[in-house]
Structure formats: C-alpha cells, structure tokens
Amino acid sequence: MNDNRPPQSIPEYLEQLSQSLAGADPALVQDALYDAEEYLRSELAEQPGRSEAEVIASVASSYGAPEEVADIYRDTEVKVQTALRPPAPKPRTSLLGRFFGVAADPRTYASMFYMVLSLATGIFYFTWVVTGLSVSLSLVVVLIGIPLLILFFGSIRLLSLVEGRLVEVMLGERMPRRPLYSARGRNWLQRIGDMFTDVRTWSTLLYMLVMLPLGVVYFTVTVTLLSLSLSMVAAPLALLPGLHLNVWEFGIDIPQQAPYLLPLVSVAGVVLLFASLHLFRGIGRMHGNIAKHLLVKTAQYS
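The numbering of the sequence shown is the working numbering, which starts it at 15 and goes up by one.
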C-alpha cells in the first residue's frame with residue numbers, strides 16, 4: 015500500500031515510486047527509478063543549502079509526485095511499445111494459415127538472426143568473464159586486483175545493457191534502457207559492496223557464461239535446419255540437365271533410383287522449413303524470458 019505522506023528524502027520518493035509501479039514490468043521500474051534519482055539529485059545539487067524534503071516539494075509541480083510519475087511512465091510505455099512493435103501479421107484462423115503464417119511475422123526472422131549472432135556474442139561474453147575473473151582474482155593478493163575486479167564488475171553491468179538492447183530489438187522482450195539502479199546517497203564503499211552482494215551481478219555473470227553453450231546450440235540448430243530444409247526444397251533441381259545434385263534418403267540415390275520421389279522430398283522440405291521457423295520464433299521467446307530473469311532486477315525498491 016502506498017504511503018500518502020509526501021516523501022521527505024530521495025530514498026523515500028524512490029520507494030513510493032517503486033510501490034506505485036507495483037505490477038509493472040521490472041525493466042520499466044528500473045528505468046523509472048534511475049531517471050527519478052538522476053533528476054532529483056541534479057536538482058539537489060543545483061540548490062545547495064536546501065534539504066531533500068524542500069527540494070522534493072519544490073520540484074513536485076514540475077516532475078510530479080511518485081503516483082503521478084508512475085502513471086506517466088505507464089502511459090508512455092504503452093505508446094512507445096505501440097510505436098516500436100513491428101506490424102502484427104494478419105490473424106489466421108485455420109491450422110494451415112497459422113502454420114504457414116509464421117513467415118509473415120518479422121519476429122521470426124529477428125529471432126533467427128539472433129540465434130546466428132549468439133555464437134559470436136556467446137564467445138565474447140564467455141571469454142570476457144573468464145579472462146576478467148581469472149586476471150583480477152589472481153592479482154588480488156598484490157592489491158591491484160581489487161580495483162581491476164571492481165572495474166570488471168562495472169563492465170559486466172555495461173555489457174548487460176548492451177545485451178538487453180539486442181534482446182529487446184530482436185526478440186521483443188522489454189529490457190532496461192538505463193543502468194541498474196543503485197542508491198547513490200550511500201558512500202562509494204557501500205555502493206561497491208552493493209555491487210558485489212547484488213544477486214543480479216552474479217546472475218548476469220551466469221547468463222554470460224551460459225551464452226556460449228546456448229550460442230553453439232542456437233547456431234548449430236539454425237544452420238542445420240535451414241541447410242537441410244532448403245536443400246530438400248531444391249531437390250527437384252536434380253532433374254535438370256547438366257546439374258549433378260546428390261539427394262540421398264535412407265541410403266537411396268533418389269535422382270538415379272527413384273526420381274519420382276523428388277517432388278515429395280521438396281514438399282517435405284517446405285514443411286520442415288516452416289516448422290523450423292516456428293522453432294526459431296519459439297526459441298526467441300524462450301531466450302527473451304531467460305534474459306529477463308537473469309539480467310533485470312526485480313521490481314522492488316531496496
């Protein structure tokens with residue numbers, strides 16, 4: 015339940031804002047908390063000598079009370095998502111329409127491209143985490159490893175934002191557009207401690223480590239299914255004079271021993287191709303949920 019008492023400090027304002035956004039997307043809450051604190055602290059810096067309560071009261075008319083800011087963010091989110099969402103494919107009621115209609119969904123091809131790209135990003139993330147951890151931890155005994163470890167964890171938060179943008183653009187899952195919120199009213203030692211104790215720091219490390227095996231699987235599945243289905247679709251070309259295509263099924267050289275089966279192979283290739291597109295889109299949705307759970311802070315003020 016929201017506290018109707020006007021906030022007397024920035025942490026109180028942020029807590030009320032978080033409560034007003036209860037039930038909203040965690041990524042939206044993270045953005046709202048970051049923006050609010052950034053604005054309030056800039057106003058506090060421009061008005062030296064005034065207390066936080068006085069500054070908050072003075073900017074309430076321009077920035078808004080927590081409940082008003084929450085409503086603005088919710089309304090803006092709907093407008094932004096509507097503007098950014100790709101055109102929805104025409105609804106299809108028949109089974110065949112839904113099966114072949116996957117080709118008209120832009121998210122299908124974006125998910126497929128993400129699966130191919132994930133091999134490169136997975137290799138980079140895995141290498142960065144393993145190298146950063148091993149180098150910084152090995153140098154902790156000579157003290158220089160401590161600032162290196164702090165910088166490494168800072169870089170992990172930055173990379174999580176980059177990955178979040180890829181996930182949101184390609185997979186359609188709402189991800190944070192601002193850095194992870196941290197209570198900047200605390201001193202720098204406390205904030206460093208928060209970074210090490212924040213569960214999202216470690217879940218982000220886990221995400222970047224598992225991206226390598228996931229990337230290998232995604233890339234292999236995509237390339238294998240596309241090459242197999244497209245080669246089956248093109249099987250009838252083996253009947254053209256001058257073309258020597260090898261089409262083997264169950265140990266049979268179909269162009270030589272059973273050319274009448276080539277059209278059936280082509281039809282099977284079409285079915286496999288569209289089934290693969292459904293699989294790509296489904297994997298994209300699944301990975302978006304994985305990224306949301308591991309990279310986004312829960313919608314709770316702390």
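All C-beta atoms in this analysis are idealised placements derived from N, C-alpha and C, irrespective of residue type, glycine included.
* Straight-line CA distance for LEU223 to LEU309? -> Translated into the one-based positions of the sequence shown, residue 223 becomes position 209. Translated into the one-based positions of the sequence shown, residue 309 becomes position 295. Looking at the two C-alpha atoms, the distance is approximately 13 Å.
* According to DSSP, is TYR27 helix, strand or coil? -> Here residue 27 refers to the residue found at position 13 when the sequence shown is read from its first residue. TYR27: helix per DSSP, three-state reduction.
* Proximity winner among LEU220, ALA71, SER72 and ILE70, relative to VAL144 (alpha-carbon distances) -> Here residue 144 refers to the residue found at position 130 when the sequence shown is read from its first residue. Checking every option, the nearest Cα to that of VAL144 belongs to LEU220.
* To do: Kindly provide the ranges of any alpha helix (DSSP H) runs that are 4 or more residues long and lie completely inside the segment 106-157, ordered along the chain.
  => If we require 4 residues or more, the alpha helix (DSSP H) runs fully inside the segment 106-157 come out as 109-114 and 120-152.
* Segment limits, alpha helix (DSSP H) that includes MET300 -> By 1-based counting over the sequence shown, the position of residue 300 is 286. MET300 -> alpha helix (DSSP H) spans 276-309.
* Asked: Mind checking whether SER243 and LEU287 have CB atoms under 8 Å apart?
  -> Within the sequence shown, residue 243 is the residue found at index 229, counting from 1. Within the sequence shown, residue 287 is the residue found at index 273, counting from 1. Remark: C-beta atoms of SER243 and LEU287 approach each other more closely than 8 Å.
* To do: Check whether the segment 76-84 touches the segment 15-34, taking contact to mean three or more Cβ pairs, one atom from each stretch, closer than 8 Å.
  => Short answer: they touch.
* Asked: With a CB to CB cut of under 7 Å and the five nearest residues on each side skipped, what residues in its chain are close to GLU91?
  -> Position 77 of the sequence shown, counted from the start, is the residue given in the question as residue 91. Scanning its chain for C-beta atoms nearer than 7 Å, with the 5 sequence neighbours on each side dropped, one finds around GLU91 the residues LEU42, in chain order.
* Could you have a look at GLY207 and say whether DSSP puts it in helix, strand or coil? => Here the question's residue 207 lines up with position 193 in the sequence shown. Residue state, collapsed to three classes: helix.
* Asked: Tell me which same chain residues have a C-beta within less than 8 Å of the C-beta of ILE137, skipping the five on either side of it?
  -> For the purposes of this step, residue 137 is taken as the residue at position 123 of the sequence shown. Contacts found: LEU226 and GLY229.
* **Whole-Å CB distance - LEU163 paired with LEU173, under 8 Å assumed** => Here residue 163 corresponds to residue number 149 of the sequence shown, with the count starting at 1. Here residue 173 corresponds to residue number 159 of the sequence shown, with the count starting at 1. So it is not a contact: roughly 15 Å between Cβ atoms.
* Quick check: the segment 127-141 against the segment 102-118, are there 3 or more CB pairs under 8 Å? -> No contact exists between the segment 127-141 and the segment 102-118.
* Contact between the segment 155-162 and the segment 203-214 (3+ Cβ pairs under 8 Å) -> Between the segment 155-162 and the segment 203-214 there are fewer than three C-beta pairs closer than 8 Å, too few to call the two in contact.
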